[in-house]
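Student: Add 1 to the 1-based position in the sequence shown for our numbering, that's all there is to it.
Beta carbons are placed, not taken as given, at the ideal position from N, Cα and C, and that holds for glycine.
What you are looking at is a predicted structure, and each value in this text was computed from that prediction instead of being measured.
Here it is, the structure, as structure tokens.
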Amino acid sequence: MKILLVCTKQRFGNKPSCGGRGSEVLADTLAHQITMRGLADRLVVQRFPCLGSCEEGPNVRITGGALFHHVCTEQLEQILRCALDDAASEQQDD
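Printed below as a string of structure tokens:
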């Protein structure tokens, strides 16, 4: 199973953060798409406190795979495809 880590760090003041740039909505949208497509046995969304790239957020990491910066809803389809490809490749290696 692949985990999609969505940074939800909310920094205060003028500091950039994933949470301040809409990452909660991205996490909700990813989780909804996974459920609606029946992919919950292969993919899961996990909110993560920080992926260490606040200036480039919102950030999403596929465990054991790619890290995506400046993520917007238009990129979610690409991220899901990449995660599914990674999950399929792991199953073939087993």
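1) For the putative contact between Leu6 and Gln47, defined by C-beta atoms under 8 Å, what is the C-beta separation to the nearest angstrom?
2) Val26: which of Val72, Ala84 and Glu91 sits nearest, CA to CA?
3) Using only the alpha-carbon positions, how far apart do Leu68 and Phe49 sit?
4) Between the Cα of Cys51 and those of His70, Glu57 and Thr9, spot the shortest distance and give me the residue it belongs to.
5) Can you tell me whether Val72 is helix, strand or coil according to DSSP?
Tutor: Let me spell this out:
1) Yes, Leu6 and Gln47 are in contact; Cβ-Cβ is about 6 Å, under 8 Å.
2) Closest option to Val26, Cα to Cα, is Val72.
3) Straight-line Cα distance between these residues: approximately 13 Å.
4) The shortest Cα separation from Cys51 among His70, Glu57 and Thr9 belongs to Thr9.
5) Coil at Val72, not helix or strand.
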